[in-house]
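Protein chains in written order, with our numbering: chain A, 1 to 615; chain B, 1001 to 1615.
Don't be surprised by glycine CBs; every beta carbon is placed ideally from N, CA and C.
Owing to the predicted nature of the structure, the values given are computational and were not obtained by experimental measurement.
Please read the structure below before turning to the comments.
Protein chains: 2
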Amino acid sequence: MNTEELVELGQQLRVDSVRAAAEAGSGHPTSSMSAADLMAVLFANHLRYDFERPAHPGNDRFVLSKGHASPLLYAAYKAAGVIDDEELRTFRRLGSRLEGHPTPQRLPWVETATGSLGQGLPVGVGIALAGQRLDRTGYRVWVLCGDSELAEGSVWEAAEHAGYERLDNLVVIVDVNRLGQRGPTRHGHDLDAYARRFRAFDWHTVEIDGHDVDAVDRAYGEALSTRGQPTAIIARTLKGKGVAATEDHEGLHGKPVKDADEAIAELGGPRSVALRVQEPPTARSLHSTGSGELELPHWDKGEQVATRDAFGQALTALGTARADVVALDGEVGDSTRAELFAKEHPERYFECYIAEQQMVATAVGMAARGRVPYATTFAAFLTRAHDFVRMAAISGSGINLVGSHAGVAIGQDGPSQMGLEDLAMMRSVHGSTVLYPCDANQTAKLVAETAALEGIRYLRTSRGAAEVVYGPDEEFPVGGSKVLRSSARDRLTVVAAGVTVAEALAAADALAGEGIPVRVIDLYSVKPVDRDTLRRAAEETGCLVTVEDHHPEGGLGDAVAEAFADGGPVPRLVRLAVRTMPGSAAPDEQLHAAGIDADSIATAGRLLVEQAVVP
Amino acid sequence: MNTEELVELGQQLRVDSVRAAAEAGSGHPTSSMSAADLMAVLFANHLRYDFERPAHPGNDRFVLSKGHASPLLYAAYKAAGVIDDEELRTFRRLGSRLEGHPTPQRLPWVETATGSLGQGLPVGVGIALAGQRLDRTGYRVWVLCGDSELAEGSVWEAAEHAGYERLDNLVVIVDVNRLGQRGPTRHGHDLDAYARRFRAFDWHTVEIDGHDVDAVDRAYGEALSTRGQPTAIIARTLKGKGVAATEDHEGLHGKPVKDADEAIAELGGPRSVALRVQEPPTARSLHSTGSGELELPHWDKGEQVATRDAFGQALTALGTARADVVALDGEVGDSTRAELFAKEHPERYFECYIAEQQMVATAVGMAARGRVPYATTFAAFLTRAHDFVRMAAISGSGINLVGSHAGVAIGQDGPSQMGLEDLAMMRSVHGSTVLYPCDANQTAKLVAETAALEGIRYLRTSRGAAEVVYGPDEEFPVGGSKVLRSSARDRLTVVAAGVTVAEALAAADALAGEGIPVRVIDLYSVKPVDRDTLRRAAEETGCLVTVEDHHPEGGLGDAVAEAFADGGPVPRLVRLAVRTMPGSAAPDEQLHAAGIDADSIATAGRLLVEQAVVP
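As structure tokens, this is what we get:
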């Protein structure tokens, strides 16, 4: 498009943004108006995208990091002819695809859910990495950010990652409209404040007037011709641009324009500029399929193997079988054992350094590009990326997260390194799967299963060696459990997972010696939970003890309780969990101090069987 | 100390680091050896600290951000004469104060727990802000960071904050030893890569050889004389410095030195250099006490008030009564209503912009300096700071976190803005208190109570207006609940909190009309939970329905279930919670779609009472 047409298109996007929000009675028209010219030039002259084939391997990828400016995105979709005016007017209504913040669950052209600020660029970096190292079909990744969100550290994790990896297929456009939600941003219209930060992280930068469509056009061209560096376009804009009552005015964030009709008239009224987004170049995915045959590692019963070791070996085997499997780690691959994958499949291993938010965002980006990512760090440090995991679930993203060094069982390193909240965090994520294996063969089988699941999959591994209790041919369906001790006379059931399984078995042996037969359930699938087996155990044994290397809230005990929250009869139960603040100590001392070792289980079981109410 | 003495002290710190780790059989001596000279010069010539009075208002504050280098810290404590050699040799043992990563719970000289990398600087910024704006006793804040941890976005959130606030009382020392846990860092010994990033965020920087004690000494002096900017000292060091077998060697992170005796000999053997840390200048805290009389806002029954509004007003009143109360917000003060406090007490309000990690870290820093901080943002966005909240609990930090816009009840903005995992996250934090008020008077009273609690306190507020159901004189003790409907003939109990209380009351009315009397409990204290009232309700009514605007895992339903996890009888129960992925819709449509409105409660209650097992 030429200058005049671009200006017209920008005005149309403003008008439609104002209309959509007015119709909805809520939304962010002023944040849309500032970026309208940036969007018009991008969609009209630079983006290459086939809306009929969102999966086209040559498609550019656009991420609206400032997801609240959704009216602008939908106005652009309308201009591109892929939604009609009727649908535009469903904005923010029940059942509409046009949500307050865009999500790929509802709209096929959206790469990732946004709305939690500072996440669009990190995910864009993930997609750009996939483009650079895996797809290699020449697509570009465009990310439109707000200025306020540059206060998020995640943006600078992403900037560091992109600069270091020389992602010249990545362009970030910063809509510097000077005003955040509650008032002026830190740096106002000081474009250089942003530019020099990006430059320090080894980006190419361009500073422009974001309402000068020719300058915008040139900047995009410069970005595309820049080699060896990502480009940040820092654009000076005005919030609410084009309407005197809103332009550069504070206090209007997230509010429909008051006199919408007047504003629309001031913007020159509705238009019907049709946008023809360029076709992507012919391209073919370079996907190879891998060997296709999964040869999982296996171990003999009685061997001593850490589940993190089994994980690393199984993931490596999975990577050999499937070329779409990629691994990411937060600079602890020697601990998580992701390094085994790195050695075998270096081209599909992504070192994320100590930047867990960027690691999860990269996983989301990889998943958006059809990969099956496994992102690994200590379970404790996955809390760093909680907001990214939450948003990944909203995206419907299929990612695997693996947290090693779970619980007090890690020993001497102390509480900062102990995952004691991870089960609660991962269970509370919508549609998640949470797995916690106790031995090597089980771990390997579960790794294989996770590859075929949807949504967020979490696997919890342990630092120390554990005895292999299952044979290599045993199967462990997600949603299942294993009954490790059972008799018709059982008077108690102990439900354990991971490191507490061995403790439960020892406790069961001790109690059996006292004439109390005990059932032991290995609840390796914490979510979904094996309701039937738990219910049968409750009916047959009358009471349950749960034991977990995790805080008492949100973990195994809650998972078991939930199995009985359907209105049916509920057994008496006691929860053993980590209720104290651990310090440094040896692993066995830690389990004892936390009251989750065999002795503690036996004591609790004895009391429960004797019908005593544990205080 | 002069050059020679400093060199000797550095060697002694190395020797003691090697000894402590060797004795423990674990730990991070090589990470200690790189920073030994930096530490020696700081403690000998620049730090001003009275070890006998850690609370001295003039004390400098030292934060070991690279907390795994704890042997170095403990070696320095030994040199300063505050621990003896016998205690040093308890490093990492059960019951020792000398944990793998230092915590203020055990050692009075530690400002904040570290060990999750990238958190020391953010907390240091919080302390420096307290120094600059509140204490004004002239203390300096010294933070010793590793190079690997500069990959964390939180470091750049902190850098942005410190640069913008011109914190010239803050010095960060970066121990650039080139090697992370699993191998080389991104930037190796490229000091300028780090320096230019800090400069871009408006810091003064100094690049030095971190083993040249004179250069280190001069750099500290330069930092102290720099006005209007924080200073970053970027020091080139060698990991494992001083021992040929470890110096600059990969693969030795987190491992005791193999031949400890040989290494100690190579370092010149044990020494007994005594360190005299400078006394702090005489100083007095400027604490004023406030009016001392808390005049809480109050409302009449039947008024329509959002709990976020009540929170803002109550916090403002609390700030008037108590001068130690400070407020922090993540650039959404107009939404959380923290802006009311900002208007009344601007000197004690800290705008953190959209940087939730830095916000929570600032709160931790303020708490370390004796303040009672309230940090506010959308409940959903507190997930961004999960790792900081977890570490704050390990510190034993007393901070208040307030999450507004809880649940699907926010309406049109959609899932990215809905706090649906926050209760799970906050309950799973060690020693936390979790409160979720349903009306304005209740909110105000709970705000007042939180000020006197210990540990992490979480208050969940709601966006929309709600009817005031309690009179202004009602009391709401933490750990309590309110029975809003009750009769001797109740056949069912509905347990609700926050927005679902009104729904529960409506459902109870409907069921009462059908001849099913229903008890309604307002469980405003989600943790600790009112076990007695729940147990009585279970005994008297036989069955329970819980209803919450939160995912089913880790929230109210789990809290209620936990109340029965003591081995006693358990009632039949059903949980209503948000099990679907919401989109955009009006608040009432959202509650209905999620199955947590009055109709859904009535349906579930009816089924349960009829003894039907809900599928």
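Just to make sure I have the definition right: I need the residues of chain B whose C-beta is within less than 9 Å of the C-beta of Q132(A). Which are they?
Locating residue 132(A) in the first sequence gives position 132, counting from the first residue. One finds nothing in chain B with a Cβ atom closer than 9 Å to the Cβ of Q132(A); even the nearest lies about 17 Å away.
Can you give me the start and stop residues for the beta strand (DSSP E) that A355(A) sits inside?
In the first sequence, residue 355(A) corresponds to position 355, counting from 1. Unbroken run through A355(A): none, as it is neither H nor E.
Based on the DSSP secondary-structure assignment, which residues constitute the bridge partners of S948(B)?
Outside the displayed span of chain B (1001 to 1615) sits residue 948(B), for which this structure offers no information.
Using CA coordinates, which residue listed in P1280(B), R1178(B), L1088(B) and A1244(B) is at the minimum distance from R1048(B)?
Residue numbering aside, residue 1048(B) sits at position 48 when the second sequence is read from its first letter. R1048(B) has its Cα closest to that of P1280(B), out of P1280(B), R1178(B), L1088(B) and A1244(B).
Tell whether a beta-carbon distance below 8 Å holds between D259(A) and H1101(B).
Position 259 of the first sequence, counted from the first residue, corresponds to residue 259(A). Position 101 of the second sequence, counted from the first residue, corresponds to residue 1101(B). No, the pair does not count as a contact, with Cβ atoms beyond the cut-off.
Rounded to whole angstroms, what's the CA-CA distance from P122(A) to V63(A)? Just pull it up for me.
Stepping through the first sequence from its first residue, residue 122(A) is reached at position 122. Stepping through the first sequence from its first residue, residue 63(A) is reached at position 63. When rounded, the distance between both Cα atoms is 10 Å.
Closest by CA to T1500(B), which one among L1453(B), P1415(B), Y1436(B) and S1432(B)?
Stepping through the second sequence from its first residue, residue 1500(B) is reached at position 500. Taking only the C-alpha atoms, the option nearest T1500(B) is Y1436(B).
Can you give me, in chain order, the residues of the segment 114-126 of chain A that have a beta carbon less than 8 Å from any beta carbon in chain B?
Within the segment 114-126 of chain A, the qualifying residues are T114, G115, S116, L117 and G118.
8 Å is my cut-off, CB to CB: does D248(A) come that close to chain B?
Position 248 of the first sequence, counted from the first residue, corresponds to residue 248(A). Not one chain B Cβ lies under 8 Å of D248(A).
How is P184(A) classed by DSSP in three states: helix, strand or coil?
As a first step, residue 184(A) must be located in the first sequence, where it is residue number 184. Strand at P184(A).
To which residues of the same chain is E553(A) closer than 7 Å at the C-beta, ignoring the five residues directly before and after it?
Mapped onto the first sequence, residue 553(A) falls at position 553. Answer for E553(A): A424, listed in chain order.
Below 8 Å on the Cβ atoms is my guess for V172(A) versus C145(A); work out the distance and round it to an integer in Å.
By one-based count along the first sequence, residue 172(A) stands at place 172. By one-based count along the first sequence, residue 145(A) stands at place 145. V172(A) to C145(A), Cβ: 6 Å. Contact.
Span of the alpha helix (DSSP H) around S32(A):
In the first sequence, the residue the question calls residue 32(A) occupies position 32. First-last of the alpha helix (DSSP H) with S32(A): P29 to S34.
When the cut-off is 8 Å and only beta carbons count, does M1359(B) lie next to chain A?
Counting from 1 along the second sequence, the entry for residue 1359(B) is found at position 359. Closer than 8 Å: no.
Inspect the beta-carbon positions of I234(A) and V176(A) and report whether they are closer than 8 Å.
Here residue 234(A) corresponds to residue number 234 of the first sequence, with the count starting at 1. Here residue 176(A) corresponds to residue number 176 of the first sequence, with the count starting at 1. A contact, by the Cβ cut-off of 8 Å.
Where the alpha helix (DSSP H) through H592(A) begins and ends:
Numbered from its first residue, the first sequence carries residue 592(A) at position 592. Start and end: P587 to A594.
Using a Cβ-Cβ cut-off of 7 Å (strictly less than) and excluding sequence neighbours within five positions of E8(A), which residues of its own chain qualify?
What you label residue 8(A) is simply residue 8 of the first sequence in a count that begins at 1. So the qualifying residues of the chain are R271 and V273.
Below 9 Å between beta carbons is the criterion; list the residues of the segment 1152-1164 of chain B that meet it against any residue of chain A, in chain order.
Legend: CB atoms of the segment 1152-1164 of chain B lying less than 9 Å from CB atoms of chain A belong to residues E1152, G1153, S1154, V1155, W1156, E1157, A1158, A1159, E1160, H1161 and Y1164.
Excluding the five sequence neighbours on either side, which residues of its own chain have a C-beta within less than 7 Å of the C-beta of A451(A), listed in chain order?
Locating residue 451(A) in the first sequence gives position 451, where the first residue counts as 1. Hits under 7 Å: L318, R322, V325 and V372.
Please determine, among E539(A), G115(A) and V578(A), the residue with the shortest C-alpha to C-alpha distance to K66(A).
Taking the first residue of the first sequence as 1, we reach residue 66(A) at position 66. The candidate whose alpha carbon is nearest that of K66(A) is G115(A).
Please work out which residues of its chain come closer than 7 Å, Cβ to Cβ, to E1293(B), disregarding the five sequence neighbours upstream and downstream, and give them in chain order.
As a working mapping, residue 1293(B) is identified with position 293 in the second sequence. Here E1293(B) has A1321 as same chain residues with Cβ atoms under 7 Å from its own Cβ, once five neighbours each way along the sequence are excluded.
Checking contacts by CB at 8 Å: is D530(A) closer than that to chain B?
Here the question's residue 530(A) lines up with position 530 in the first sequence. At a cut-off of 8 Å, the C-beta of D530(A) has no neighbouring C-beta in chain B.
For V1609(B), name the three-state secondary structure that DSSP assigns.
Your numbering for residue 1609(B) matches position 609 in the second sequence. Correct three-state label for V1609(B): helix.
Identify the continuous beta strand (DSSP E) that holds T1205(B) and give its terminal residues.
The residue labelled residue 1205(B) in the question sits at position 205 within the second sequence. Here the beta strand (DSSP E) through T1205(B) covers H1204 to D1209.
With three or more beta-carbon pairs closer than 8 Å as the criterion, would you say the segment 1397-1412 of chain B touches the segment 1158-1171 of chain B?
No, the segment 1397-1412 of chain B is not in contact with the segment 1158-1171 of chain B.
On a CA-only basis, which of A1195(B), L1073(B) and D1522(B) is nearest L1038(B)? Give me that one, please.
Residue 1038(B) sits at position 38 when you count from the first residue of the second sequence. With distances taken between Cα atoms, L1038(B) lies closest to L1073(B).
On the premise that G583(A) lies in contact with R1106(B), defined as a C-beta separation below 8 Å, what is that separation, rounded to the nearest angstrom?
Position 106 of the second sequence holds residue 1106(B). Position 583 of the first sequence holds residue 583(A). The Cβ separation is near 7 Å, so the contact holds.
Beta-carbon neighbours of L1608(B), restricted to chain A and to distances below 9 Å:
Counting from 1 along the second sequence, the entry for residue 1608(B) is found at position 608. Taking a Cβ-Cβ threshold of 9 Å, the residues of chain A close to L1608(B) are G567, in chain order.
Determine the extent of the alpha helix (DSSP H) in which I394(A) is found, giving its start and end residues.
For the purposes of this step, residue 394(A) is taken as the residue at position 394 of the first sequence. First-last of the alpha helix (DSSP H) with I394(A): H386 to S395.
Following the continuous alpha helix (DSSP H) through V526(A), name the residue where it begins and the one where it ends.
For the purposes of this step, residue 526(A) is identified with residue 526 of the first sequence, where counting begins at 1. Here V526(A) belongs to no alpha helix (DSSP H); instead the beta strand (DSSP E) covers S525 to K527.
In the structure shown, what three-state DSSP assignment does D334(A) receive?
One-based indexing of the first sequence puts residue 334(A) at position 334. Three-state result, D334(A): helix.
Within 10 Å of its beta-carbon, does N1059(B) have 16 or more other beta-carbons around it, so buried, or fewer, so exposed?
Counting from one through the second sequence, the residue named residue 1059(B) turns up at place 59. So N1059(B) ends up on the buried side.
Between the alpha carbons of T603(A) and R1092(B), how many angstroms are there, rounded?
For the purposes of this step, residue 603(A) is taken as the residue at position 603 of the first sequence. For the purposes of this step, residue 1092(B) is taken as the residue at position 92 of the second sequence. Rounded to the nearest whole angstrom, the CA to CA distance from T603(A) to R1092(B) is 29 Å.
Under DSSP, the beta strand (DSSP E) around K1445(B) begins and ends at which residues?
Here residue 1445(B) is taken as the residue at index 445 of the second sequence, counted from 1. Annotation: K1445(B) is outside any beta strand (DSSP E); the continuous alpha helix (DSSP H) that includes it extends over A1440 to T1450.
Should N441(A) be labelled buried (16 or more other beta-carbon atoms within 10 Å of its own) or exposed?
As a first step, residue 441(A) is located in the first sequence; it is residue number 441 there, counting from the start. So N441(A) counts as buried.
For the beta strand (DSSP E) that contains Q1304(B), what are its first and last residues?
Within the second sequence, numbered from 1, the residue matching residue 1304(B) stands at position 304. Run containing Q1304(B): Q1304 to A1306, per the beta strand (DSSP E) assignment.
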